[in-house]
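In our numbering, the protein residues as written are 2 to 287. Yeah, the Cβ is synthetic: ideal placement off N, Cα and C, and Gly gets one too. Values in this document were obtained by computation on a predicted structure and should not be read as measured data.
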Ligand code: SF4
Ligand code: SF4
Ligand code: SF4
């Protein structure tokens with residue numbers, strides 16, 4: 002089932018990456034830019050933000066898996082990196098870079114509050130995507146619409162952003178999403194408390210590590226079988242590769258049944274029930 006969901010997600014993501022590119026070439030870009038959080042906010046509309054915050058509260062960061070074209074560009078780069086790598090490139094769990102991500106977020110908000118638009122537009126994922134399409138596709142095609150005139154500075158900025166995004170996603174998947182992007186930082190807050198999220202059933206998990214190896218967000222920690230929902234971009238990759246259907250997209254958390262799989266550091270979940278002591282006694286009698 003999760004493979005089918007993952008395939009549908011990829012098709013939708015590719016469509017929401019290619020359609021805005023076509024719209025930019027055809028001059029209809031406002032149709033798509035109005036659906037993007039920071040772009041809509043910068044133009045004074047809060048409806049888009051409210052909608053996506055509510056959607057994230059229910060389903061996690063589906064905005065990052067379905068609608069953001071820059072996220073799909075990163076997935077394409079990461080997919081190529083995995084294909085051309087001499088051996089299968091594996092991701093590992095990484096600690097959240099909260100200080101860095103919040104620094105970028107605060108800087109972007111501060112700039113908006115004082116009326117500056119340079120940094121927010123440099124950090125807005127949709128504006129970055131539109132800038133790259135404009136400079137690398139629209140201008141070479143000769144579609145010199147408003148904002149599509151060749152200039153060395155615009156081309157340099159687009160090339161610089163493309164290089165940063167490509168370098169980060171080539172090696173680290175969605176690291177950019179969880180360290181630089183202010184939209185990702187904003188959505189991480191409701192995502193951390195989302196109703197639906199990936200969850201590992203430790204009674205089924207065989208510790209093969211496949212889920213952690215494919216997690217482009219680096220948010221699966223197998224040492225205590227937890228998934229950091231604030232960084233998860235709901236791509237369904239982990240669920241598609243799990244050989245035992247141990248990681249699922251669900252409400253709530255599985256009760257951890259096996260003592261050796263409890264979170265390290267003595268943090269037992271509140272509903273943890275220790276195994277009955279007589280089982281040890283029976284073993285000893287045998
Ligand atoms: S975190 Fe930012 S760049 Fe990444 S997918 Fe989400 S909105 Fe796009
Ligand atoms: S892929 Fe499934 S079985 Fe393997 S470590 Fe992850 S959750 Fe456990
Ligand atoms: S936890 Fe699973 S769904 Fe979330 S980003 Fe990682 S691989 Fe994708």
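What does DSSP give as the partner residue(s) for residue 221 in the beta ladder? Paired residues: 228.
At least three beta-carbon pairs within less than 8 Å, the segment 93-103 to the segment 215-233: yes
Residue 101 beta carbon less than 9 Å from that of residue 112: Cβ atoms of residue 112 and residue 101: not closer than 9 Å.
Per-residue DSSP class, three states only, for residue 1: No answer is possible for residue 1: the residues shown for the chain start at 2 and end at 287.
Just to confirm before moving on: does the CB-CB distance between residue 168 and residue 202 stay below 9 Å? No, the pair does not count as a contact, with Cβ atoms beyond the cut-off.
For residue 63, which residues in the same chain have their Cβ closer than 8 Å to its Cβ, ignoring the five residues on either side in sequence? Same-chain partners within the cutoff: 56, 57, 235.
So is residue 204 buried or exposed if we call it buried at 16+ other beta carbons inside 10 Å? exposed
Return the Cβ separation of residue 106 and residue 183 in integer angstroms, given the expectation that the two are a contact with Cβ distance under 8 Å. Going by Cβ atoms, the distance from residue 106 to residue 183 rounds to 4 Å, so yes, they are a contact pair.
Can you check DSSP and say which residues form a bridge with residue 249? 200
Any Cβ of chain B within less than 9 Å of the Cβ of residue 106? Chain labels in this structure do not include chain B; a single protein chain is all it has.
How about residue 161: is its Cβ closer than 8 Å to a heavy atom in ligand 2? no
Check: residue 10 C-beta below 8 Å from any heavy atom of ligand 1: no
C-alpha distance - residue 77 paired with residue 47, whole-angstrom precision: Going by the C-alpha atoms only, they are around 30 Å apart.
Exposed or buried, what is residue 179 when buried is set at 16 or more other beta-carbons lying within 10 Å of its beta-carbon? buried
What do you get for residue 53, buried or exposed, if any count of 16 or more other CB atoms within 10 angstroms of its CB means buried? buried
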